[in-house]
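Chains as they are written, first to last, in this note's numbering: chain A, 1 to 443; chain B, 444 to 1020.
Built from N, CA and C at the ideal position, the CB exists for glycine as well.
Predicted model, so just to flag it, every value in this text is computed and none were measured.
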Amino acid sequence: MLKKTYENIDSIGRSILSIKAEGVHNKELAEVIYPNGDKAFAQVIALNNDEVTLQLFGGGFGVSTDCKIRFLGKPIQVGFSDDMLGRVYSGNGKPIDGGPELVTDMVRVAGPSINPVKRLIPKHMIRTGVPMIDVFNTLVRSQKIPIFAKAGEPYNRLLANIATQTDADIIIIGGVGLKYDEFHYFRQRIEEAGSKSKTIMFVHTHRDSIVEGLMVPDLALAVGEKFALQGKNVFVLLSDMTQWSDYLRQVANAQDQIPANQGYPGDLYSQLASRYEKAADIEGAGSLTILGVTTMDDVTHPVPDNTGYITEGQFYMKDGFLELFGSLSRLKQQVNDKTREDHRSIMNVMARLLSEAEERVKAQKFGSVKDDYSFRLLDYRKAFQKELMDPFRYLELEDALDLCWDILAKYFKKEEVGLSSKLIEAFWPKEGEYKILKSQGNE
Amino acid sequence: MQKAKGKVLSVNESLVGVETTQGAVMNGEVAYIVLEDGKRLKSEVIDVKSGQMVYLQVFEDTSWMRIGDLVEFSGLPLAVKLGPGILGSVTDGLQNPLYELAKTEWFLERGIVVEPLDNVTTWEFTPKVSIGDNVTGGDVLGTVPEKIFEHKIFVPFSLSSNFEIIEIAEKGAYTIDDPIAKIKDDSGTIKELTMAFEWPVKVAMPFNERSVPEKPLPTGIRILDSLFPIAYGGTACNPGPFGAGKTVLQHSLARHSQADIVIIAACGERAGEAVEVFKDFPELIDPRTGKSLMDRTYIVGNTSSMPVAAREASVYLATTVGEYYRKQGLNVLILADSTSRWAQALRETSGRKEEIPGPEAFPMYISTLISAFYDRAGVDVLKDGSVGSLSIIGTVSPAGGNFDEPVTQATLLSTGSFWGLSRALSDARKYPAIDRIDSNSKYPSLLKEEEVTYLLELLRDGKSIASNILLMGEKGITDETYIRYQKSELLDAVFLQQNSFNDIDGVTNPERLRLMFDMVFAIIEAPIDLKGKEEIRTHFNFLRQAFLDWNYMSVNDENFEKQHTKLINLVKQRTYA
Chain A
1 MLKKTYENID SIGRSILSIK AEGVHNKELA EVIYPNGDKA FAQVIALNND
51 EVTLQLFGGG FGVSTDCKIR FLGKPIQVGF SDDMLGRVYS GNGKPIDGGP
101 ELVTDMVRVA GPSINPVKRL IPKHMIRTGV PMIDVFNTLV RSQKIPIFAK
151 AGEPYNRLLA NIATQTDADI IIIGGVGLKY DEFHYFRQRI EEAGSKSKTI
201 MFVHTHRDSI VEGLMVPDLA LAVGEKFALQ GKNVFVLLSD MTQWSDYLRQ
251 VANAQDQIPA NQGYPGDLYS QLASRYEKAA DIEGAGSLTI LGVTTMDDVT
301 HPVPDNTGYI TEGQFYMKDG FLELFGSLSR LKQQVNDKTR EDHRSIMNVM
351 ARLLSEAEER VKAQKFGSVK DDYSFRLLDY RKAFQKELMD PFRYLELEDA
401 LDLCWDILAK YFKKEEVGLS SKLIEAFWPK EGEYKILKSQ GNE
Chain B
444 MQKAKGKVLS VNESLVGVET TQGAVMNGEV AYIVLEDGKR LKSEVIDVKS
494 GQMVYLQVFE DTSWMRIGDL VEFSGLPLAV KLGPGILGSV TDGLQNPLYE
544 LAKTEWFLER GIVVEPLDNV TTWEFTPKVS IGDNVTGGDV LGTVPEKIFE
594 HKIFVPFSLS SNFEIIEIAE KGAYTIDDPI AKIKDDSGTI KELTMAFEWP
644 VKVAMPFNER SVPEKPLPTG IRILDSLFPI AYGGTACNPG PFGAGKTVLQ
694 HSLARHSQAD IVIIAACGER AGEAVEVFKD FPELIDPRTG KSLMDRTYIV
744 GNTSSMPVAA REASVYLATT VGEYYRKQGL NVLILADSTS RWAQALRETS
794 GRKEEIPGPE AFPMYISTLI SAFYDRAGVD VLKDGSVGSL SIIGTVSPAG
844 GNFDEPVTQA TLLSTGSFWG LSRALSDARK YPAIDRIDSN SKYPSLLKEE
894 EVTYLLELLR DGKSIASNIL LMGEKGITDE TYIRYQKSEL LDAVFLQQNS
944 FNDIDGVTNP ERLRLMFDMV FAIIEAPIDL KGKEEIRTHF NFLRQAFLDW
994 NYMSVNDENF EKQHTKLINL VKQRTYA
């Protein structure tokens, strides 16, 4: 296809540019050619008569009116090849690990959604080794689920842990707005875990332009989807989608779009959804699971709020713990009846008792807690937090279930917990003989 | 009318500006944008401006469109094809059957045209008119059996004058495209009719004789059927924050509601949820018909990652199909999940058109559109005296779970039942998490009016006593008040709460609802002979456990009656003589 070059730039903003040009395609890829011969990518985002609006991968700073724009006659694509495993790429799809550029097939980016009838009902549990997930909010293959956390929480550590502790065939890390040390952490963690050879990273750090950051999820998901179609079970990590939404807001603002809530564009929901919905268990092929991060202070903020309506649940992280209340896996019902016979019952009982304990915490403030049962509930709550809520304690599901029984037995009588006699007989630990819980150190 | 032509003048995501080069343009007509590679993208005229400028909303991805691309106008509004073959099918928001599309592609590629209704399968047609009969739009030409009922084949509703039948097909098997009748009007013009015809989705089908919704529609959900009912032909909305149980509630309604036909409009929501329905329903038997649940279901899936402009079309498509089955004399229920996504799609387009925004940037006309949508529900007394109804239950997904936003507010003004989903209740695992105090309904309940008032009063009392207990402790209130509180808690636990994942407890039919209510009523009415909070609590714990065991028993269970007696005895034991 003929590549056309234009020179009459109309205006230059922080991240967008407009120019007079003809025969240009919507969403076409272009190059900004600087007077010194340097090049940066740009993409057409709107057309109006002969005026073309482009978003700039290199940002608007340093672009001059004597730059040229060359339209490349192709849409944005990303390389796809097994050789990309172990490599690190930027938001414009170039390797940034010092390794060579690869000759690869090219696949389309941000393609249409998969036909719903090609989706399977998710049925495979993903074992993460994290008790709060495996026992209480089981992760399921093809699930899309974010971690909701304040900015300072160790969510990236958890993300890396989960990815490396599962049996995923391929891990794709999409880093948006990472601090350099976070980027470094991910690389190191993947190498330590021996997962490098099944991992591809697409990384945008704070020194890169926001348009590159916007591209990261699309590149990661396009490559992930392709692996999934080839029968692989793919795990895509996206951190942090709040910053991604912020970049979306900036570009929308630069285009003079009318803002909806808190300055975010009216299509924030659709934009987030078209990424998260790439998660799928595909009939006759593999699967794609998305674990994201949504940093937030308040869950009613537009980004976590819209995300919650899109994703299949969320994990709340607070003060370094994974919370039980607020966390939800919408798909857990699909799998947690096929793990161990006591799984669902013990999950419900532990949650009910914890919620009872929370009531006692409230009542304690009014000084109305006086009975032995209430005090035991409060001790139970402490033990629950210490033994189960630490997201960095690795436990197989069966051990974690046993630990739940240990904790119940330590603080309650059999008849107090409301479990069926059949389960109690099978699982209730003998006096002082805990399977997992350390017996010593009883206060 | 000569069909207009034009060329693309501007492209901004799904909004495309077009300059017409010939012909007249109608607001609302369908146009096709022809891309370089010959693909034709379906779109709809949403604005006609001066200087031959027309704005289109495009139902498909606009990538690779160019200024100057050819636009062909169809002269016709967006329409749905109505006829046998809709039941049991799954389509996108433009009536493209998804299973057909899946035969060639993994993905929903754009510009692919598929027949909306199967035109290969034949249907066993039985004529109901003879040559020489006089007919008009809406009259029945014959019937074909479709899944669970006799599908009436109509003279298209758009034909309003009088016609004479000059040919009618004999009893036999025909496809929906085969001609089955020829009719002639007074001027001698002859029309050939098939078993299917089109109707514009945005035009409400006129009622024959509109009546009011006053017969309760049993949903199998106790809190709804008793306290906040919906009627055949009525409307309801269930707004709520994410995670409060909207989806589980919708699924339960889709499975258990006593409607003849259920239409699910999955509008801008998770694809996985629609998948669960259309993969599970074919396996489930509908106890009312003894056939597959899918046989009474039609699913319109325009899920969140499909093109945004088609969300609006999907809601109207579902409604029009609903109106058509109402004309068949059936009770139709539409579950629209979620109307907020439709409203957001309108907001996106409105923003791109640079209209002056209303509250939260929604267009000013959003409330009018919402009211007009719910107004398409209703009861119709048909020509042959039979009655059809269309009920609509719309999900609303308010930003931040705050009901004080434009879409929720407009919906509350347009619907007859309000089921407010509460995060506090869902956190406490009290499902369905429908607010017991704030929800309301103007339709008649399966219970008597005074019974409903009686229950609501107890719930209000219970809530106020609970806040007293938190402040002053159990010791701060009298035994009498504490008993009242326990009764309200019991009502909530055994009657209002329901485990939708359980086959028996998940659905309660009207007879069992009555039985349960009578039991609950007996417990509440009984004066209790107990002193001390501990003793009172223990008594109610026993009652609760016994009641819950009863809830999980099938009526056919040999112990069902025994458990009932046990409950009655438990109440008697502690009652003042």
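(message) Mapping the DSSP letters down to three states, classify A/G62 as helix, strand or coil.
(response) In the first sequence, counting from the first residue as 1, residue 62 of chain A sits at position 62. Coil at A/G62, not helix or strand.
(message) For the segment 133–144 of chain A against the segment 306–320 of chain A, do three or more pairs of beta-carbon atoms, one drawn from each stretch, fall closer than 8 Å, so that the two count as touching?
(response) yes
(message) So with CB distances below 8 Å, who are the chain A contacts of B/E1042?
(response) A question about residue 1042 of chain B goes unanswered here, because the residues of chain B that appear run from 444 up to 1020.
(request) Starting from the C-beta of B/K590, find all residues in its chain whose C-beta is less than 8 Å away, skip the five residues before and the five after it, and write them out in chain order. (result) One-based indexing of the second sequence puts residue 590 of chain B at position 147. If we look at B/K590 and ignore the five residues flanking it on each side, its Cβ neighbours are L530, G531, K734, D738 and R739.
(message) Using beta carbons (cut-off 9 Å, strictly below), is B/D1046 in contact with chain A?
(response) For residue 1046 of chain B there is no data in the structure shown, the boundaries of chain B being 444 and 1020.
(message) Looking at the secondary structure, which residues open and close the alpha helix (DSSP H) in which A/T242 lies?
(response) Taking the first residue of the first sequence as position 1, residue 242 of chain A is located at position 242. M241 to A254 is the span of the alpha helix (DSSP H), which, as asked, contains A/T242.
(request) Check whether the Cβ of A/K278 lies closer than 9 Å to any Cβ atom in chain B. (result) Taking the first residue of the first sequence as 1, we reach residue 278 of chain A at position 278. Output row for A/K278: interface = yes.
(request) Tell me where the beta strand (DSSP E) around A/M132 begins and ends. (result) The residue you call residue 132 of chain A lines up with position 132 of the first sequence. No beta strand (DSSP E) contains A/M132, which DSSP labels as neither H nor E.
(message) Once DSSP output is grouped into helix, strand and coil, what is the label at B/T732?
(response) Numbered from 1 along the second sequence, position 289 holds the residue referred to as residue 732 of chain B. Correct three-state label for B/T732: coil.
(message) Quick check: is the beta carbon of B/S810 nearer than 9 Å to any beta carbon in chain A?
(response) By 1-based counting over the second sequence, the position of residue 810 of chain B is 367. B/S810 does not count as touching chain A.
(request) Give the single residue among B/T858, B/N455, B/F938 and B/G794 whose Cα lies nearest to the Cα of B/Y886. (result) On the second sequence, position 443 is the one that residue 886 of chain B refers to. For B/Y886, the nearest C-alpha among the options comes from B/T858.
(message) Can you look up B/Q852 in the DSSP assignment and give me helix, strand or coil?
(response) Translated into the one-based positions of the second sequence, residue 852 of chain B becomes position 409. In this structure, B/Q852 counts as helix in the three-state DSSP scheme.
(request) Using only alpha-carbon positions, find the residue among A/E101, A/L354, A/V88 and A/D390 that is nearest to A/F202. (result) Within the first sequence, numbered from 1, the residue matching residue 202 of chain A stands at position 202. Cα-wise, what sits closest to A/F202 is A/V88.
(message) Here's the rule I'm using: 16 or more other beta-carbon atoms within 10 Å means buried, otherwise exposed. How should A/D267 be labelled?
(response) Along the first sequence, read from residue 1 onward, the residue named residue 267 of chain A stands at position 267. Burial is judged here by how many other beta carbons sit within 10 angstroms of a residue's own beta carbon; A/D267 has at least 16 and is buried.
(message) Going by beta-carbon coordinates alone, are B/G711 and A/S270 separated by less than 9 Å?
(response) For the purposes of this step, residue 711 of chain B is taken as the residue at position 268 of the second sequence. For the purposes of this step, residue 270 of chain A is taken as the residue at position 270 of the first sequence. Result yes, Cβ atoms of B/G711 and A/S270 sit closer than 9 Å.
(request) Using the Cα positions of B/T732 and B/F805, report the straight-line distance between them to the nearest angstrom. (result) One-based indexing of the second sequence puts residue 732 of chain B at position 289. One-based indexing of the second sequence puts residue 805 of chain B at position 362. Approximately 43 Å, taken between the alpha carbons.
(request) Taking all protein chains shown into account, decide if A/I126 is buried (16 or more other Cβ within 10 angstroms of its Cβ) or exposed. (result) In the first sequence, counting from the first residue as 1, residue 126 of chain A sits at position 126. Looking at its Cβ environment, which holds 16 or more other Cβ atoms inside 10 Å, A/I126 is buried.
(message) Between B/V454 and chain A, is the shortest Cβ-Cβ distance under 9 Å, so that the two count as touching?
(response) Indexing the second sequence from 1 puts residue 454 of chain B at position 11. Output row for B/V454: interface = yes.
(message) Which same chain residues end up closer than 6 Å to A/E443 when comparing Cβ atoms and leaving out the 5 residues on each side of it in sequence?
(response) For the purposes of this step, residue 443 of chain A is identified with residue 443 of the first sequence, where counting begins at 1. Interpretation of A/E443 is limited by its pLDDT of 40, a score under 50 that renders its predicted location unreliable; no figure is taken from the coordinates.
(request) Identify the continuous beta strand (DSSP E) that holds B/G905 and give its terminal residues. (result) Here residue 905 of chain B refers to the residue found at position 462 when the second sequence is read from its first residue. No beta strand (DSSP E) contains B/G905, which is instead part of the alpha helix (DSSP H) from E892 to M915.
(request) Answer with yes or no whether the minimum CB distance from A/I310 to chain B is below 9 Å. (result) The count along the first sequence starts at 1 and reaches residue 310 of chain A at position 310. Yes, A/I310 lies at the interface with chain B (some Cβ there is under 9 Å from its Cβ).
(message) Please tell me whether B/I510 and A/G73 are closer than 9 Å, where the distance is taken between their beta carbons.
(response) Counting from 1 along the second sequence, the entry for residue 510 of chain B is found at position 67. Counting from 1 along the first sequence, the entry for residue 73 of chain A is found at position 73. The Cβ atoms of B/I510 and A/G73 lie no closer than 9 Å to each other.
(request) Could you tell me the boundaries of the alpha helix (DSSP H) in which A/N48 lies? (result) Residue numbering aside, residue 48 of chain A sits at position 48 when the first sequence is read from its first letter. Counting along the chain, A/N48 falls outside any alpha helix (DSSP H), though it belongs to the beta strand (DSSP E) covering K39 to N48.
(request) Kindly list the residues whose CB is nearer than 7 Å to the CB of B/E635, restricted to its own chain and excluding five residues on each side of it in sequence; keep chain order. (result) Counting from 1 along the second sequence, the entry for residue 635 of chain B is found at position 192. So the list reads P622 and K625, once near-sequence residues are dropped.
(request) In angstroms with no decimal places, state the Cα-to-Cα distance between A/E415 and A/A409. (result) Position 415 of the first sequence, counted from the start, is the residue given in the question as residue 415 of chain A. Position 409 of the first sequence, counted from the start, is the residue given in the question as residue 409 of chain A. Approximately 11 Å, taken between the alpha carbons.
(message) Give me the chain B residues within the contact set of A/A273, using Cβ-Cβ distance strictly less than 7 Å, ordered along the chain.
(response) To locate residue 273 of chain A, count along the first sequence from 1; it is residue 273. Ordered by position in chain B, the residues that pass the 7 Å Cβ test against A/A273 are S747 and S748.
(message) For chain B, check one thing: does any of its Cβ atoms lie closer than 9 Å to the Cβ of A/E416?
(response) The count along the first sequence starts at 1 and reaches residue 416 of chain A at position 416. The C-beta of A/E416 comes no closer than 9 Å to any C-beta of chain B.
(message) Using the three-state DSSP reduction, which class does A/W405 fall into: helix, strand or coil?
(response) In the first sequence, residue 405 of chain A corresponds to position 405, counting from 1. In the structure shown, the three-state DSSP call for A/W405 is helix.
(request) Determine the direct distance from the alpha carbon of B/P730 to that of B/L939, and round the result to whole angstroms. (result) For this step, residue 939 of chain B is matched to residue 496 along the second sequence. For this step, residue 730 of chain B is matched to residue 287 along the second sequence. C-alpha separation (whole angstroms): 23 Å.
(request) Look at the alpha carbon of B/S695 and the alpha carbon of B/N942, and state the distance between them as a whole number of angstroms. (result) Here the question's residue 695 of chain B lines up with position 252 in the second sequence. Here the question's residue 942 of chain B lines up with position 499 in the second sequence. Their backbone Cα atoms lie some 10 Å apart in a straight line.
(message) Are the CB atoms of B/D703 and B/N774 within a distance shorter than 9 Å?
(response) In the second sequence, the residue the question calls residue 774 of chain B occupies position 331. In the second sequence, the residue the question calls residue 703 of chain B occupies position 260. Note that the C-beta distance between B/N774 and B/D703 is below 9 Å.
(request) Give me whichever residues DSSP pairs with B/I476 in a beta bridge. (result) On the second sequence, residue 476 of chain B is found 33 positions in, with the first residue counted as 1. B/I476 is bridged to B/L484 and B/V514.
(request) Output the residue ranges of the beta strand (DSSP E) runs that lie fully inside the segment 125–195 of chain A and measure 3 residues or longer, sorted by chain position. (result) 144–149 and 170–178
(request) Anything in chain A within Cβ reach of B/V514, meaning under 9 Å, just list it in chain order. (result) As a working note, residue 514 of chain B is residue 71 in the second sequence. Here the premise fails: no neighbours, minimum Cβ distance about 14 Å.
(message) Just to confirm my understanding: we take A/D208, look at its own chain, exclude 5 residues before and 5 after, and list those with CB closer than 7 Å. What are they?
(response) Here the question's residue 208 of chain A lines up with position 208 in the first sequence. Around A/D208: S90 and G91.
(message) Short of 7 Å Cβ to Cβ, which residues in the segment 326–343 of chain A face chain B?
(response) When CB distances to chain B are screened at a threshold of 7 Å, the residues of the segment 326–343 of chain A falling below it are L328 and Q333, in chain order.
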